[in-house]
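Sequence positions in the sequence shown follow this note's numbering and run 4 to 157.
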Amino acid sequence: MKSTQRPSKPPQQPRSNDPSQKLELVTYKPVEQPQEISQPTLSNKPQAAVSQQKNELQKQSKPQRAENQQLSERFQHIQFLDCDKPVGHIVFECWHCQQGIISEFTGEPEMGEYKDRPSVVPVKVECPNCGQTAIRLTTGEVLSTTAIPSPWQQ
């Protein structure tokens, strides 16, 4: 096996302590805050009226944000009972009115297709109190649904 020679390193030049060769220190000024550039408007309204309209629009959009945050903070109490038996029980609250409900279910989930792929078809359980879909279960069949006082409400 042949060995290749590497080029030798250039010799290091000694550092001098000569003050004339030192780098100059540069001072930097802090960046000033950019001033707001006014956008040209197509209306002849004074700038105060335009800013007032912007404030009103912002006030109108804030309640929508609060509603979206409230929706994202919602949850549903659920407790499965007798999962290892042929007929299972589930205790839950209605998603819409928080009514306590107990349901009996049985069977394997039904398979369907969603966007040409196999998917589980959920069974919609209707709330006896408000009539809307209280929960969607991935089970074969819901045998009974009974309204009860919610165990999670105080």
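Beta carbons are placed, not taken as given, at the ideal position from N, Cα and C, and that holds for glycine.
Open item on the list: Tell me whether the segment 93–104 and the segment 113–120 touch, counting them as touching only if at least three CB pairs, one residue from each stretch, are closer than 8 Å.
Closed with: Verdict: no, contact absent.
Task: Buried or exposed by the 16-neighbour rule on C-beta atoms within 10 Å, applied to Val128 - done: For the purposes of this step, residue 128 is taken as the residue at position 125 of the sequence shown. Buried, since its Cβ has 16 or more Cβ neighbours within 10 Å.
- [ ] Assuming Leu146 and Pro125 form a contact by the criterion Cβ under 8 Å, report the distance between their Cβ atoms to the nearest whole angstrom.
- [x] Locating residue 146 in the sequence shown gives position 143, counting from the first residue. Locating residue 125 in the sequence shown gives position 122, counting from the first residue. Between Pro125 and Leu146 the Cβ distance is about 16 Å, and since that is not below 8 Å, they are no contact.
Open item on the list: Using C-beta distances below 6 Å, list every residue in its chain close to Gln82, excluding the 5 sequence neighbours before and after it, in chain order.
Closed with: Along the sequence shown, read from residue 1 onward, the residue named residue 82 stands at position 79. Val94.
Task: For Glu111, the first and last residue of its enclosing beta strand (DSSP E) - done: For the purposes of this step, residue 111 is taken as the residue at position 108 of the sequence shown. Unbroken run through Glu111: none, as it is neither H nor E.
Task: Rounded straight-line distance, which links the Cα of Arg77 to that of Phe108 - done: As a working note, residue 108 is residue 105 in the sequence shown. As a working note, residue 77 is residue 74 in the sequence shown. Rounded to the nearest angstrom, the two C-alpha atoms are 25 Å apart.
- [ ] Give a yes or no on whether the C-beta atoms belonging to Gly110 and Gly143 are separated by under 8 Å.
- [x] Numbered from 1 along the sequence shown, position 107 holds the residue referred to as residue 110. Numbered from 1 along the sequence shown, position 140 holds the residue referred to as residue 143. Taking 8 Å as the Cβ cut-off, Gly110 and Gly143 qualify as a contacting pair.
Open item on the list: Beta-carbon within less than 8 Å of Pro152's beta-carbon, same chain only, minus the 5 sequence neighbours each way: which residues are those?
Closed with: As a position in the sequence shown, residue 152 is number 149, starting the count at 1. So the list reads Gly103, once near-sequence residues are dropped.
Task: Cβ-Cβ distance between Cys86 and Asn132 below 8 Å - done: For this step, residue 86 is matched to residue 83 along the sequence shown. For this step, residue 132 is matched to residue 129 along the sequence shown. No, the pair does not count as a contact, with Cβ atoms beyond the cut-off.
Task: Beta-carbon proximity check, Trp155 vs His80, cutoff 8 Å - done: For the purposes of this step, residue 155 is taken as residue 152 along the sequence shown, with counting starting at 1. For the purposes of this step, residue 80 is taken as residue 77 along the sequence shown, with counting starting at 1. Their beta carbons are under 8 Å apart, which means Trp155 touches His80 by this criterion.
Task: Same chain, Cβ closer than 6 Å to Val123, neighbours up to 5 away in sequence not counted - done: Walking along the sequence shown from the start, residue 123 turns up at place 120. Excluding positions up to five away in sequence, the list reads Pro112 and Thr141.
Task: beta strand (DSSP E) segment containing Arg120, residue limits - done: Locating residue 120 in the sequence shown gives position 117, where the first residue counts as 1. Annotation: the continuous beta strand (DSSP E) that includes Arg120 extends over Arg120 to Val124.
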